[in-house]
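Just so you know, the sequence shown maps onto residues -23 to -1, 1 to 264 in mature numbering (1 follows the signal peptide of the UniProt record, and there is no 0).
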Amino acid sequence: MKFKAIHFFLCFIFIFLPSKSFAIEGNKDLYEDQDDPLSFMVEVLPWDQVNNIMPKYTIFTIIDVETGLSFKVQRRAGSQHADVQPLTYKDTKIMKKIYNGKWSWNRRAILVLVEDQLLAASMHGMPHGAGALKNGFPGHFCVHFWESTTHKRDKMDPAHQLMILKAAGKLDDYFNQIDPYKMIEIFALAVNNHDKNILAETIVDNKYKQKLTTKMTKDISYFSIMGVSLLPMEDLNYQLVMEVPVKVEFLDKNKGKSKKVIHFVVRRDSLVDRWYIEGQTILKEIK
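Here's what the structure looks like:
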């Protein structure tokens, strides 16, 4: 009943309260830090602030953006991001349900409810390392916030960054700003994360969109960009259609591994519109 009450309350506040705004790139106002009492507006806060808000042993609630399912966790460790564990066996069961019954490294957009704050975040679903709680979860998993990093990189993980933007409701703003090369990168990230919703947002809306989305999320296990032929950035300002040769490696569950150059056709309707990828050209070259 507690989780149902949380879902009802959050649905109510999401309808009637706007999210806090923030700039995506190249702006000092990247996030807002207004500690309004019991505001429950979604905040995108940097890791150094979150690290203080929820120190080690903090118990908080994770809400999966797509399914609405929620479960409780405890932060156990982590210096560059939060290493957390489901609190109980019941919480582990709910988390596994979110991942369709199979643990996965796929990133998911989540909201973190900690006391009176609701934070945009991202998690993966793969138990690893040590675990201390009696919860049926063999290890811990990672929760990322804005500007947090993995153990191996000193920059934000691109897939986690994308999920945080999704959790904050800022994907449209982000897609409106990025160049064709970044859109191709997001196409690959969505394929690797098996996120059909974000993948669909990168593709031109025509009869090929659903076919390509289904093909890439159902049959392609991974899709790696090995190299891209780049134009000078100043030349992009006056382009409406671009053909971008991209050297890729991918694994088709039905045909095995392939390495080839795929010619992405990326277009926009006007100089002020956002970029989309033509689906039919990718379908022809992926077969």
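Glycine included, each C-beta is placed from N, C-alpha and C at the ideal position.
- Taking C-beta atoms as the reference points, GLU43 and GLN94 fail to come closer than 8 Å.
- Counting C-beta pairs closer than 8 Å gives fewer than three between the segment 205 to 217 and the segment 174 to 190, which falls short of the contact rule.
- Inter-segment contact for the segment 141 to 157 and the segment 243 to 255 is present: three or more beta-carbon pairs are separated by less than 8 Å.
- For LYS33, the secondary structure class from DSSP, reduced to helix, strand or coil, is coil.
- Boundaries for PRO157: no beta strand (DSSP E) harbours it, while the alpha helix (DSSP H) harbouring it runs 157 to 169, taken from the DSSP string.
- In the displayed model, VAL181 falls within coil according to three-state DSSP, outside both helix and strand.
- Contact annotation: ARG52 and TYR34 have beta-carbon atoms nearer than 8 Å.
- Selection ILE202, THR194, GLY256, ASN112 evaluated against LYS230 yields THR194 as nearest (Cα-Cα).
- DSSP places PRO135 in no beta strand (DSSP E) but in the uninterrupted alpha helix (DSSP H) bounded by 135 to 145.
- MET203 counts as exposed, since fewer than 16 other C-beta atoms from the protein chains shown sit within 10 angstroms of its C-beta.
- The C-beta separation of LEU189 from ILE259 comes to about 6 Å, placing the pair in contact by the 8 Å criterion.
- Counting along the chain, GLU262 sits inside the alpha helix (DSSP H) bounded by residues 256 to 263.
- In the three-state DSSP reduction, ASN83 falls in the strand class (E or B).
- Of all alpha-carbon atoms in MET72, GLN26, ALA54, ASP150, the one lying nearest the alpha-carbon of THR38 is that of MET72.
- In terms of Cβ geometry, VAL223 and VAL205 form a close pair [threshold 8 Å].
- Around the beta carbon of GLU220, fewer than 16 other beta carbons sit within 10 angstroms, so the residue counts as exposed.
- As the crow flies, the alpha-carbon of VAL238 is around 9 Å from that of GLU262.
- One Cα belongs to LEU228, the other to ASP25, and the distance between them is close to 38 Å.
- Nearest C-alpha to SER247 among TYR215, GLY78, GLY233: TYR215.
- Under the three-state reduction of DSSP output, GLN187 falls in the helix class.
- The alpha-carbon of LEU88 is positioned some 12 Å away from that of LEU22.
- For ASP60, the enclosing beta strand (DSSP E) stretches over residues 59 to 63.
- Excluding sequence positions up to five before and after THR69, its CB lies within less than 7 Å of the CB of PRO63, ASN112, GLY113, PHE114, all in the same chain and listed in chain order.
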